[in-house]
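Trainee:
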Amino acid sequence: MRKGGNHVKPVNRLSRSGNGEETHPVPDSSHETGSSGDDLFRTNGNPDNDLFATDHNDRDNRLFSPDSRLDYRCFFTDNPIAQLIADRHGNILKNNSAATDLLGLSGKNALMDSLRESDRPAFLMFLALLESSRSLKVWTGITEKTGKTIRVKGFSTGKMRGSLHLTIEDITTEENHRKRLENRIGTLEKDRYFCQLAIERSNIGLWRATIARDASMETLRFHFSDKSGDLFGFVTFADIPFPLFINTVHPESAGKIRTALNSAINGKTGFDIEIRIDKPNGDFAWINLKCYLIEENASGEIGLTGIAADITSYKTTEKALAIASNLFENNRDGIFIADQDRRITVVNPPFTRMTGLTQEKIMGNKPWYLQTGIADSTCYSQLCDVIVCSDHEEMATFEKNRQEKIAPTHLTIKIVRDMDERIISYIGILLDISQNDFLEDHARYMIEHDFLTGLPNRILLLDRLGQTLMAAERNRRKAAVMFLDLDRFKHINDTLGHAVGDRLLQQVAQRLTQCVRKNDTVSRQGGDEFVILLNDIGHADDVATVVNNIMHSLSQNYQIENYEMSITPSIGIALYPEDGTDIDTLLKNADTAMYHAKENGRNAYQFFNAEMNLHLVERTRLENDLRAALENDGFFLEYQPIIDTKSGHMTGVEAFLRWKHPEFGILMPSRFLGVAEDTGLISPIGEWVIRSACKQAGKWHHDGHPKTVSVNLSPIQLKQKNLLPIIRNALKENGLAPGALELQITEGSIMENIRTVTDLLHELRDMGVKIVLDNFGNGCSSISHLKKAPIEKIKIDPVFIHALGTGSEDADVAGAIVAMAKNLRLKVSAGGVETDGQALLLKKIGCDEYQGYLVSPSLPAGEISHFCAPD
1399 MRKGGNHVKP VNRLSRSGNG EETHPVPDSS HETGSSGDDL FRTNGNPDND LFATDHNDRD
1459 NRLFSPDSRL DYRCFFTDNP IAQLIADRHG NILKNNSAAT DLLGLSGKNA LMDSLRESDR
1519 PAFLMFLALL ESSRSLKVWT GITEKTGKTI RVKGFSTGKM RGSLHLTIED ITTEENHRKR
1579 LENRIGTLEK DRYFCQLAIE RSNIGLWRAT IARDASMETL RFHFSDKSGD LFGFVTFADI
1639 PFPLFINTVH PESAGKIRTA LNSAINGKTG FDIEIRIDKP NGDFAWINLK CYLIEENASG
1699 EIGLTGIAAD ITSYKTTEKA LAIASNLFEN NRDGIFIADQ DRRITVVNPP FTRMTGLTQE
1759 KIMGNKPWYL QTGIADSTCY SQLCDVIVCS DHEEMATFEK NRQEKIAPTH LTIKIVRDMD
1819 ERIISYIGIL LDISQNDFLE DHARYMIEHD FLTGLPNRIL LLDRLGQTLM AAERNRRKAA
1879 VMFLDLDRFK HINDTLGHAV GDRLLQQVAQ RLTQCVRKND TVSRQGGDEF VILLNDIGHA
1939 DDVATVVNNI MHSLSQNYQI ENYEMSITPS IGIALYPEDG TDIDTLLKNA DTAMYHAKEN
1999 GRNAYQFFNA EMNLHLVERT RLENDLRAAL ENDGFFLEYQ PIIDTKSGHM TGVEAFLRWK
2059 HPEFGILMPS RFLGVAEDTG LISPIGEWVI RSACKQAGKW HHDGHPKTVS VNLSPIQLKQ
2119 KNLLPIIRNA LKENGLAPGA LELQITEGSI MENIRTVTDL LHELRDMGVK IVLDNFGNGC
2179 SSISHLKKAP IEKIKIDPVF IHALGTGSED ADVAGAIVAM AKNLRLKVSA GGVETDGQAL
2239 LLKKIGCDEY QGYLVSPSLP AGEISHFCAP D
């Protein structure tokens, strides 16, 4: 150090050992007395804390003599174990470098600051206890900065006068090992508990047997668990001698168990055998006895350990199956068994003989593929519709045997269901009724009539239609063919169940029969389709009268079980000879007219005309062109800006689908989406829209314009099982956060299947995708749907936007919708805004966003950028 401008060098003296050799250099004591406050032998400049002073006046209270202070100083300073001196308040008086590293000390830290805050009160108690005791104390805690687990050992002596000597160890590794060991022990205890619980609650018991090496088997002794002891009927379960055990075994199984035990004892081979036992109460049981552990100890005692399970019910079932198999193979009737998908899995020999088909050709096919000859597949299809509801049905059919002879048969179908009422198999029995005239007539009736309604089916309809056309041509009279389809019948089936749907079809059949003459024909073709044949009519007006009666009759309410419902028909009519002179043409044209009635709003009838064929041709062409457009990139997207009403900035865009048709030019969705939905093409088209919109949004985000893109979903897309993966992959491929995508749905699409669609929307919301309810207010809007479905925004129907400021009845609807949405904490958007006045009124009533021709029509992606304001 520097004093008065002069350098003062420390003077070292050499201490000498007893033989006069020089040992370690000893710091000059005169220098120590003037040393700084952090010298090991001077503590904080306070004489009371000179813990290691060697020149203290009170020689009796010196802790170290002059000869030992250097040794202790080296021990304290250079010790790899952390050591420190602290007062009873946790202030560090002295510490070595090992303590600095372990505790993460810097400067003059209080020892308390180096400990985790939650450990500090306990450490103060430890110091207080340490001060009042002369024995070694131990405390464990965690450091604040380094997060290490430490063990502190300390003691106090009278000579240290209130200061404490602490030794600190890093026991992090040791503590982690101890915790892992405790966790492992806990896991093993749980496993042991669950294993014991599983054994106690199962039908499996444990057993153990012991015998001395080379001893007679008669000396074998068994020990059973409670479960296995009960199986054998023992009163006590421990130390059962072999003779007592073997007495419970049926004589036919005694030799088997002796052989197995002998092999285990002498050959150290486990066994798995089934034995029959006779219980003291006269009952018998089948036991599966297993030995899986064979041990021999140092004294030569052999121990066998195994399990025992009661398999009596299994053996009983096995016997019953053997009897059933014998009956199945040797039955005179043909029998088949089909799985839940109606594919045949098992047939017996008579079945192959009666059908004329080999097992290889039958196995894996559905029963209604077996017809060879005059059997009609419609019969089988209708049969399966009926038996699902009744679990049992009979029908007659004709089969061609291997001698190519047609033979009438009688088929009975029975459904087998599991405990949860799910279909697991079908059992069919085929009887040869060729020798029974009565059954043959019955078989003919069954073939020609619908199983559910009793109406003529397609077979009988075609026969009668052929006769009607010949009579009409001969007598120069007219005839009419009507195709009738029930509107939204599928919704009734889906919501109320097939049983209710079938009862409705039966009542519809009765009403139709009452609306026509006895010489007319009402036929059910399957599902909810009916065909009505009117013969010998004079004018088209006569047909219209019958149709109006049908429309009125079917529109009346139906009472089925506890449900009251209504349903309407759509009817297409083709006249002979104007609309066709043969069966196929008349049926096709009536079907075409019926689809026109549906397209015109349902609950209507339509006479066929030539223009309908042109429409049908155009529709078919559109379908083919749509398929080509998917393959050849014939679609493109345009985008319309969505504007924030407060800032005036664009917050996102809505994507609109366009089709560049090679002949008709640019087509709007209204021109082709109906065809796409009817043909199932809406699914791949919708997937293309999602991927393309996300791809463009990804480019905008990359260019610094992170705007939301909004895409419309059709009700059919919401039924796709792969919709979630499609959306997830589209976002991932383009580096988009889920919040960058909005999906617009209508309330009608939710209503079609509330539970399924709501579950799907929750999954989309959990993913982070935003859900918008489009065209809100158009129809019967439900607040309960808004609460159940995870909707984030509603979009007001443009009808109410156009009414703003007009004084019409709808003028105040938009404000009411906004007020309701705010109460539900939903954002509100408006579409179809065309004037500044509409935009101002929307801002005034609190609407959040708007879009429409006031801002811009839909534009190509490249023309959207000038709407983007810097974020």
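Read in order, the letters of the sequence shown are residues 1399 to 2269 in our numbering. Note that CB positions come from ideal geometry on N, CA and C, so glycine has one too.
1) Do Ala2212 and Ile2192 have their CB atoms nearer than 8 angstroms?
2) Using a 10 Å radius around the Cβ and a threshold of 16 neighbouring Cβ atoms, would you call Arg1922 buried or exposed?
3) Going by DSSP, what residues sit across from Gln2004 in a beta bridge?
4) On the DSSP letters alone, give me the boundaries of the alpha helix (DSSP H) that Asp1830 sits inside.
5) What does a CB cutoff of less than 8 angstroms around Gly1668 pick up in its chain, not counting 5 residues either side in sequence?
6) Count the other C-beta atoms from every protein chain shown that fall within 10 angstroms of the C-beta of Gln2115, then say buried if there are 16 or more, exposed otherwise.
7) Going by other Cβ atoms of all chains shown within 10 Å of its Cβ, with 16 needed for buried, is Tyr2037 buried or exposed?
8) Would you kindly check if the distance between the Cβ of Thr2156 and the Cβ of Lys2186 is under 8 angstroms?
9) Secondary structure at His2047, three-state DSSP: helix, strand or coil?
10) Using C-beta distances below 6 angstroms, list every residue in its chain close to Phe1622, excluding the 5 sequence neighbours before and after it, in chain order.
11) Using only alpha-carbon positions, find the residue among Ile1760, Ser2112, Pro1748 that is nearest to Gln2142.
12) Closest to Ser1495 by C-alpha separation, out of Ala1484, Ile1479, Ile1969, would be which residue?
13) Taking C-beta to C-beta, are Ala1508 and Ile1483 nearer than 8 angstroms?
14) Would you call the CB atoms of Ile1569 and Thr1544 closer than 8 angstroms?
15) What distance in whole Å lies between the Cβ atoms of Ile1811 and Tyr1824, which are believed to be in contact at a cut-off of 8 angstroms?
16) Are the beta-carbon atoms of Cys1913 and Thr2043 separated by less than 8 angstroms?
17) Determine the burial state of Gly2250: buried for a count of at least 16 other Cβ atoms within 10 Å of its Cβ, exposed for fewer.
18) Give the range of the alpha helix (DSSP H) segment to which Ala1636 is assigned.
19) Give me, in chain order, the residues of the same chain whose beta-carbon lies closer than 6 angstroms to that of Lys2168; leave out the 5 immediate sequence neighbours on both sides.
20) For the beta strand (DSSP E) containing Val2226, name the first residue and the last one.
21) What do you get for Ala1878, buried or exposed, if any count of 16 or more other CB atoms within 10 angstroms of its CB means buried?
22) Using the Cβ count rule (16 or more neighbours within 10 Å means buried), how would you classify Tyr1843?
23) So what does Ser2108 bridge to, in DSSP terms?
24) With a threshold of 8 angstroms on Cβ separation, who are the neighbours of Leu1389 within its own chain once the five nearest residues in sequence on each side are excluded?
25) Are the beta-carbon atoms belonging to Leu2035 and Arg2056 less than 8 angstroms from one another?
26) Just the Cα atoms here: how many angstroms apart are Val1929 and Ala2002?
27) Can you tell me where the beta strand (DSSP E) holding Phe2265 begins and where it ends?
28) Using the beta-carbon count (16 or more within 10 Å), is Lys2097 buried or exposed?
29) Per DSSP, what kind of secondary structure is Lys2193 in: helix, strand or coil?
30) Give me the DSSP bridge partner(s) of Pro2039.
31) Which residues mark the beginning and the end of the alpha helix (DSSP H) in which Asp2076 is found?
32) I need the boundaries of the alpha helix (DSSP H) containing Arg2089, first residue and last residue.
33) Just to confirm, are Ala1706 and Ser1626 a CB contact at a threshold of 8 angstroms?
34) Compare the Cα-Cα distances from Asn1660 to each of Asp1612, Thr1646, Phe1630, Asp1628 and report the closest residue.
35) Can you give the Cα-Cα distance for Ile1700 and Phe1620, rounded to whole angstroms?
36) How is Asp1446 classed by DSSP in three states: helix, strand or coil?
Mentor: Considering the structure as presented:
1) Locating residue 2212 in the sequence shown gives position 814, where the first residue counts as 1. Locating residue 2192 in the sequence shown gives position 794, where the first residue counts as 1. No, these two residues do not count as a Cβ contact at 8 angstroms.
2) Taking the first residue of the sequence shown as position 1, residue 1922 is located at position 524. Its Cβ being crowded by 16 or more others within 10 Å, Arg1922 is buried.
3) Along the sequence shown, read from residue 1 onward, the residue named residue 2004 stands at position 606. Answer is Gly1970.
4) As a working note, residue 1830 is residue 432 in the sequence shown. No alpha helix (DSSP H) contains Asp1830, which is instead part of the beta strand (DSSP E) from 1821-1830.
5) Taking the sequence shown and counting its residues from 1, the one referred to as residue 1668 is at position 270. Only Ala1662, Lys1688, Cys1689, Tyr1690, Leu1691, Ile1692, Gly1704 meet the Cβ criterion.
6) Here residue 2115 corresponds to residue number 717 of the sequence shown, with the count starting at 1. Buried is the call here.
7) The count along the sequence shown starts at 1 and reaches residue 2037 at position 639. Result: buried.
8) Numbered from its first residue, the sequence shown carries residue 2186 at position 788. Numbered from its first residue, the sequence shown carries residue 2156 at position 758. Cβ atoms of Lys2186 and Thr2156: closer than 8 angstroms.
9) Within the sequence shown, numbered from 1, the residue matching residue 2047 stands at position 649. Secondary structure at His2047: coil, using DSSP grouped into helix, strand and coil.
10) Residue mapping note: residue 1622 aligns to position 224 of the sequence shown, counting from 1. Result list for Phe1622: Trp1605, Phe1635, in chain order.
11) Numbered from its first residue, the sequence shown carries residue 2142 at position 744. Residue nearest to Gln2142 within the set Ile1760, Ser2112, Pro1748 is Ser2112 (criterion: CA-CA distance).
12) The residue given as residue 1495 occupies position 97 in the sequence shown. Nearest C-alpha to Ser1495 among Ala1484, Ile1479, Ile1969: Ile1479.
13) Within the sequence shown, numbered from 1, the residue matching residue 1508 stands at position 110. Within the sequence shown, numbered from 1, the residue matching residue 1483 stands at position 85. Judged by their CB atoms, Ala1508 and Ile1483 are not nearer to each other than the 8 angstroms cut-off.
14) Start at 1 with the first residue of the sequence shown, and residue 1569 comes out as number 171. Start at 1 with the first residue of the sequence shown, and residue 1544 comes out as number 146. Contact check for Ile1569 against Thr1544 fails: the beta carbons are separated by 8 angstroms or more.
15) Position 426 of the sequence shown, counted from the start, is the residue given in the question as residue 1824. Position 413 of the sequence shown, counted from the start, is the residue given in the question as residue 1811. Sure, about 6 angstroms apart at Cβ, within 8 angstroms.
16) Taking the sequence shown and counting its residues from 1, the one referred to as residue 1913 is at position 515. Taking the sequence shown and counting its residues from 1, the one referred to as residue 2043 is at position 645. No. Outside cutoff.
17) Taking the sequence shown and counting its residues from 1, the one referred to as residue 2250 is at position 852. Gly2250 comes out buried.
18) To locate residue 1636, count along the sequence shown from 1; it is residue 238. Careful: Ala1636 lies outside any alpha helix (DSSP H) and carries neither H nor E.
19) The residue labelled residue 2168 in the question sits at position 770 within the sequence shown. Correct list, in chain order: Glu2140, Glu2190.
20) To locate residue 2226, count along the sequence shown from 1; it is residue 828. It spans 2225-2228 - the beta strand (DSSP E) in which Val2226 sits, taken as one unbroken run.
21) Position 480 of the sequence shown, counted from the first residue, corresponds to residue 1878. Counting every other CB atom within 10 Å of its CB across the protein chains shown gives Ala1878 a total of 16 or more, marking it as buried.
22) Along the sequence shown, read from residue 1 onward, the residue named residue 1843 stands at position 445. Burial call: exposed.
23) For the purposes of this step, residue 2108 is identified with residue 710 of the sequence shown, where counting begins at 1. Glu2052, Glu2140.
24) Since the first residue shown for the chain is 1399 and the last is 2269, residue 1389 is missing from the structure and cannot be characterised.
25) Along the sequence shown, one-based indexing puts residue 2035 at 637. Along the sequence shown, one-based indexing puts residue 2056 at 658. Yes, they are a contact pair.
26) As a first step, residue 1929 is located in the sequence shown; it is residue number 531 there, counting from the start. As a first step, residue 2002 is located in the sequence shown; it is residue number 604 there, counting from the start. In this structure, the CA atom of Val1929 is about 16 angstroms from the CA atom of Ala2002.
27) For the purposes of this step, residue 2265 is taken as the residue at position 867 of the sequence shown. Premise fails: Phe2265 is in no beta strand (DSSP E) and is neither H nor E.
28) Reading the sequence shown from its first residue, position 699 is the one you call residue 2097. Residue environment: Lys2097 is assigned as exposed (fewer than 16 neighbouring CB atoms within 10 Å of its CB, all protein chains considered).
29) Position 795 of the sequence shown, counted from the start, is the residue given in the question as residue 2193. Of the three classes helix, strand and coil, the one that applies to Lys2193 here is strand, per DSSP.
30) Residue numbering aside, residue 2039 sits at position 641 when the sequence shown is read from its first letter. Residue pairing by DSSP puts Pro2039 in a beta bridge opposite Val2051.
31) Within the sequence shown, residue 2076 is the residue found at index 678, counting from 1. Segment 2067-2077, the alpha helix (DSSP H) holding Asp2076.
32) As a first step, residue 2089 is located in the sequence shown; it is residue number 691 there, counting from the start. Note, Arg2089: alpha helix (DSSP H), 2080-2100.
33) Position 308 of the sequence shown, counted from the start, is the residue given in the question as residue 1706. Position 228 of the sequence shown, counted from the start, is the residue given in the question as residue 1626. Judged by their CB atoms, Ala1706 and Ser1626 are nearer to each other than the 8 angstroms cut-off.
34) By 1-based counting over the sequence shown, the position of residue 1660 is 262. Check the Cα spacing between Asn1660 and each of Asp1612, Thr1646, Phe1630, Asp1628: the tightest is with Asp1612.
35) Start at 1 with the first residue of the sequence shown, and residue 1700 comes out as number 302. Start at 1 with the first residue of the sequence shown, and residue 1620 comes out as number 222. Straight-line Cα distance between these residues: approximately 12 angstroms.
36) The count along the sequence shown starts at 1 and reaches residue 1446 at position 48. Residue confidence for Asp1446 is low, a pLDDT of 47 falling below 50, so the modelled location carries little weight and cannot support an answer.
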